[in-house]
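Only one structure is covered here, and it is reproduced in the block below.
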Amino acid sequence: VVAGRRQEFARGLAKSVPILVGSIPTGIAYGVLARQSGLSGIETVAMSVLVFAGSAQFVAIAMLSAGASAAAMVVATFFINLRHVLFGASLAKWLDEVPVAWRAALAHGLTDETYALNAILFTQGEGSRWTMLATNIAMYVNWLAASAVGAFAGVWLGDVRRFGAEFAIPAMFIALATLMIKDRVHVAAAAVAAVAAVLFRVTLGPDWYVVGMVVAGASAGVVIERWLERS
Amino acid sequence: MARTLLIFAAMGLVTYLLRAVALVLLPGRRLPHLVERWLEYVPAAVLAGLASAYILAPGGSLRLELTSPWLLAAVPTVAAAAWRKSLWLTVVVGVVAFGALLAAGLTP
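These protein sequences, in sequence, are chains A and B.
Going by my numbering, the first residue of the first sequence is number 1, and it counts up by one from there.
Going by my numbering, the first residue of the second sequence is number 1, and it counts up by one from there.
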């Protein structure tokens with residue numbers, strides 16, 4: 001059993017590498033921006049330790065330097081991260097056998113990237129509490145390290161985005177999407193979500209578009225599924 | 001300093017509760033059939049949507065021109081994904097293509 005756990009944990013780490021590499025430029029950029037907007041190095045890393053949510057942290061930096069109230073920042077965090085409720089609901093059916101304390105621990109690391117990866121691993125029968133734990137720990141440590149590098153060494157690095165590592169994240173989403181799309185209803189749901197994502201990204205902004213595209217894509221899937229059943 | 005850290009702690013608590021609410025409460029319960037069917041399509045929608053927003057609207061503005069490195073790098077990346085269905089190969093092809101396009105002077 002122990003060997004099985006170790007293998008699953010190791011597989012989770014190995015599968016996480018693309019999302020780790022892809023998140024490094026974002027973490028460094030966060031660290032640099034946070035320092036530029038007046039946070040201390042300690043505060044910059046502390047936000048990554050305490051919040052662990054990329055887009056909410058970028059918004060928080062902007063709000064802090066604009067002098068926003070604490071309440072406004074917490075409310076903004078709530079709306080920005082509301083999409084995680086959907087991610088949790090989507091993964092829930094794979095965790096029926098997992099004790100509640102484990103689920104409470106696994107919830108800590110439920111980011112966009114770890115959700116996407118774990119949804120695929122579970123669907124392919126390669127996921128478990130141990131692979132999920134491995135992806136979560138790897139992503140957390142990676143995020144803290146990248147934030148710290150940005151906060152304390154950012155000035156010497158210049159623009160880290162110039163090496164192309166940023167593209168690891170969309171490339172991984174593309175690879176995972178081709179694995180996830182099982183039949184023509186999934187193709188249709190994915191296509192509707194892809195169009196909705198672009199429309200909502202440019203109109204609703206970086207946080208709400210995820211909710212918009214999921215609602216549009218998944219609803220289209222259900223409607224088309226019903227329609228195919230009837231005809 | 002102390003006030004800032006308190007704000008971050010409150011933000012972290014809100015984030016955690018949002019991540020935990022469904023993951024802690026839902027497993028072991030039966031959802032209505034329609035909700036279960038809806039959730040079936042959430043991963044495909046998330047993956048396709050995130051990929052599409054990254055490539056067609058990087059940074060939030062529409063980039064449909066043929067000199068966008070995001071759009072150009074997506075071509076070999078999609079081809080690699082369709083060819084081998086390998087996560088690694090796809091990511092390496094994408095990053096190398098994107099890096100090469102930036103080195104060639106295209107604006108990310």
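Beta carbons: idealized from backbone N, C-alpha and C, even for Gly.
All values reported here derive from a predicted model rather than from experimental measurement.
- Sequence-distant Cβ neighbours of A:Ser-16 in its own chain, meaning closer than 6 angstroms and more than five residues away, are Thr-135 and Ala-138.
- Annotation: the continuous alpha helix (DSSP H) that includes A:Asp-112 extends over 112-123.
- Distance check between A:Gly-205 and each of B:Tyr-54, B:Ala-79 and B:Trp-38 places B:Tyr-54 closest, using alpha-carbon atoms only.
- Contact of B:Ala-22 with chain A by beta-carbon distance below 7 angstroms involves Val-85, Gly-88, Ala-89 and Ala-92.
- Under the DSSP assignment, A:Glu-229 falls in the alpha helix (DSSP H) whose first and last residues are 208-230.
- In the three-state DSSP reduction, A:His-108 falls in the coil class, being neither helix nor strand.
- For the region 171-206 of chain A, the full-length alpha helix (DSSP H) segments reaching 4 residues or more read 184-204 along the chain.
- Taken through DSSP and simplified to helix, strand or coil, A:Val-98 comes out as coil.
- Only buried fits A:Asp-112, as 16 or more other CB atoms lie within 10 angstroms of its CB.
- Relative to A:Trp-143, the option among A:Gln-7, A:Val-214 and A:Phe-52 whose CA is nearest is A:Phe-52.
- For B:Thr-15, the chain A residues whose Cβ falls inside 8 angstroms of its Cβ are Val-51, Phe-52, Ala-53, Ala-56, Thr-77, Asn-81 and His-84, in order along the chain.
- In the displayed model, B:Ser-86 falls within coil according to three-state DSSP, outside both helix and strand.
- By the 16-neighbour rule on beta-carbons within 10 angstroms, B:Pro-69 is buried.
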